[in-house]
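In the numbering used here, each number is its position in the sequence shown, counted from 1, plus 237.
A quick write-up on the structure given underneath.
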Amino acid sequence: MKEDIKIGLIGFGAMGKVHSYAVSNLKYFYSPLPFRATLCGVCTTSPERSEEIAQLYGFDAAYKNAEEIIARDDIDVIDICTPNLFHYSVLRSAILAGKSIYCEKPLCLTYAEAKEIAALAKEHNTICNVAFNNRHIAPILRAKEIISKGDIGRILSFSCEYLHNSALDANKPAGWKQRREICGGGALVDLGAHCIDLVYFLCGRFDSVSGRSQIAFPTRVGADGKEWQTNADEAFYMHCRMRSGACGTISVSKIAAGTNDDLNIVIRGDKGALSFSLMQPNYLRYYDGRVKTPTLGGYSGFTDIECVGRYPAPAGGFPSPKSASSWLRGHVQSIYDFLYSVHTEAKTQPDFSDGAYVQAVIEAGYLSDTERKSVDISEIDKEL
C-alpha cells in the first residue's frame, strides 16, 4: 500500500482550484484518512502565474511546463486540469512515465485520441480516473443502489438535461469552452459529457443516438473583443436508445434563460421511478409503483430520500451526516475514491475506458447531427 501520495497539478483554472480544495481537505471529510496526499507541484500558463499559485495555495514548487512535473521521480499522481486541447499530450507523457492520473473531462479532444489513451493506459496498467464528479454525489450513489436492487424494475425511459445561461449574452467575450478547436465541441462536450456519463452509469450502454445542435448567436464577441463567428454548439438535443431497450433524451444548453447549473435526471422503470436535481442536491426522489393507491392517497407518490451528507465510512463525520451537501462534495468524494485506488493499487471507475466510451457517444451525436440520421454505437465497447 502507498501511504504517501504526492500530486502534481497541471492547469489551475476553476477546476484546478476545485481539485486542490478537495485534496487539501480530505483529512476533514474522511476519518481516519488511510493515506497522506500532498500537493507537490503546479504548472500553469506562465512561470509567474505558477509561482503565484504555488505560494498562495501551498504547493511545494512551481514549474514552467508539464514535462518538468512529470519528470519528478517522487511525484506519484498527475492531475490534469488544462483546456481539453492539451489533455492528449500530457496524458500520453504521464502514462509512459508510470504515473497514476486523474483527468478532467472529457478525456481528450476526439474519440480517436481517447481510444488510444485508454489502450495505452491499459497496456501500462495505469491507475487512472476521469473526473465525472456527478457520479459521486450522494443521491446519485443512492440511485445506483436502488436501481441495482431492482426497486424500479426494468428501466423503460429516462431524461437527462444540463442547462446553463452562460452564453445568452452575445456581447460577453467567448471563452475557450465555446471554441471548437480548443474544447473539441461546444455544449455537448462540456455539459453533455456529464449527462452521457450519468445515463451510462445508471442505465447502461448505448445502442444508438440521434442528435441536433443549435447555435442561437452565430455572431458574437470573441475572446479578443472583436466580432467572431460561433463555431461550436450552444445547445444540443439527443434521442438515445440503450442496449437494454430503454429510450430517452439528453438535452444540454448554455442558452437556457432562468438556469444556473441545472442538472436534472429522471429514470422510469416498470416498478418505479427516480428523480434528481443538482439544484436540490440533498435529496433523491423515489416513486415506488408497487404501492397501491387508496382513496385518499395513503403513502403513494414520490418520496424525498434524505441523502444529504450520508457517505460510507470513513466519510460521514464532517461536517455531519445530516449536513447539507453540494456539488463540491461530489468532487471531494471523486478524488477520494481515485486516491484510495492509488493507495490500495486497486483500480476503480470511471477509468479511461469509460472516458473514451463517453467520448464515442459525443462523437456519434455530432455525426448524427451532420448526417441527419441515427448513428449506431452498439459495437463501440468492443474497441475499448
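We treat Cβ as the ideally placed atom computed from N, Cα and C, and that holds for glycine.
Supposed contact pair residue j and residue i - C-beta distance, whole angstroms, cut 8 Å
i	j	result
residue 364	residue 578	6 Å
residue 618	residue 442	6 Å
residue 599	residue 343	7 Å
residue 615	residue 434	With 8 Å as the limit, residue 615 and residue 434 do not qualify as a contact, their Cβ atoms being about 18 Å apart.
residue 380	residue 500	So it is not a contact: roughly 13 Å between Cβ atoms.
residue 334	residue 446	Contact doesn't hold; Cβ gap of about 36 Å is too wide.
residue 290	residue 249	5 Å
residue 187	residue 526	Since the first and last residues shown for the chain are 238 and 621, residue 187 lies out of range.
Terminal residues of the alpha helix (DSSP H) in which residue i lies
i	result
residue 264	251 to 266
residue 451	Run containing residue 451: none in the alpha helix (DSSP H); it sits in the beta strand (DSSP E), 443 to 451.
residue 579	564 to 581
residue 604	589 to 608
residue 379	375 to 385
residue 286	284 to 294
Test item: CB-CB of residue i and residue j under 8 Å
i	j	result
residue 395	residue 440	yes
residue 580	residue 338	no
residue 274	residue 576	yes
residue 280	residue 302	yes
residue 389	residue 506	yes
residue 368	residue 557	no
residue 424	residue 470	yes
residue 270	residue 276	no
residue 475	residue 448	yes
residue 321	residue 477	no
residue 467	residue 487	no
residue 392	residue 261	no
residue 568	residue 370	yes
residue 313	residue 336	yes
residue 528	residue 536	yes
residue 351	residue 593	yes
residue 375	residue 612	no
residue 355	residue 555	no
residue 585	residue 366	yes
residue 524	residue 538	yes
residue 518	residue 562	yes
residue 332	residue 397	no
Min CB distance residue i to chain D below 8 Å
i	result
residue 333	Absence of chain D from the displayed structure is noted, only one protein chain being present.
Reference residue i, options the options, closest by Cα
i	options	result
residue 455	319, 492 and 477	492
residue 465	483, 563 and 413	413
residue 410	442, 334, 459 and 432	459
residue 565	424, 490 and 266	266
residue 284	299, 401 and 294	299
residue 595	568, 606 and 437	437
residue 214	335, 482 and 348	This structure does not reach residue 214, given that the chain is present from 238 up to 621, and the question cannot be answered.
residue 401	608, 313 and 494	494
residue 244	605, 294, 315 and 370	315
residue 587	472, 431, 523 and 612	431
residue 607	473, 525, 304 and 385	473
residue 305	584, 463 and 287	287
residue 257	341, 331 and 327	341
residue 490	422, 534, 523 and 547	422
residue 550	538, 540 and 573	573
residue 308	609, 398, 247 and 508	247
residue 496	404, 583 and 292	404
residue 457	406, 427 and 484	406
residue 597	516, 620, 253 and 484	620
residue 252	548, 397 and 427	427
residue 416	255, 461 and 382	461
residue 254	327, 296 and 483	296
residue 522	292, 504 and 418	504
Element boundaries [beta strand (DSSP E), containing residue i]
i	result
residue 522	520 to 525
residue 512	509 to 514
residue 244	241 to 247
residue 500	499 to 506
residue 276	273 to 280
residue 538	Element bounds for residue 538: n/a, residue is neither H nor E.
residue 486	484 to 490
Cβ-heavy atom distance, residue i to the ligand HEM, below 7 Å
i	result
residue 464	Among the components modelled here there is no ligand, and therefore nothing to report on the ligand HEM.
Only counting runs of 4 or more residues, tell me where the alpha helix (DSSP H) segments fall wholly within the stretch 393 to 472, in order along the chain.
-> 417 to 420, 424 to 427 and 429 to 440
Counting only runs of 3+ residues fully inside the stretch 308 to 365, write out the beta strand (DSSP E) ranges in chain order.
-> 314 to 317 and 337 to 340
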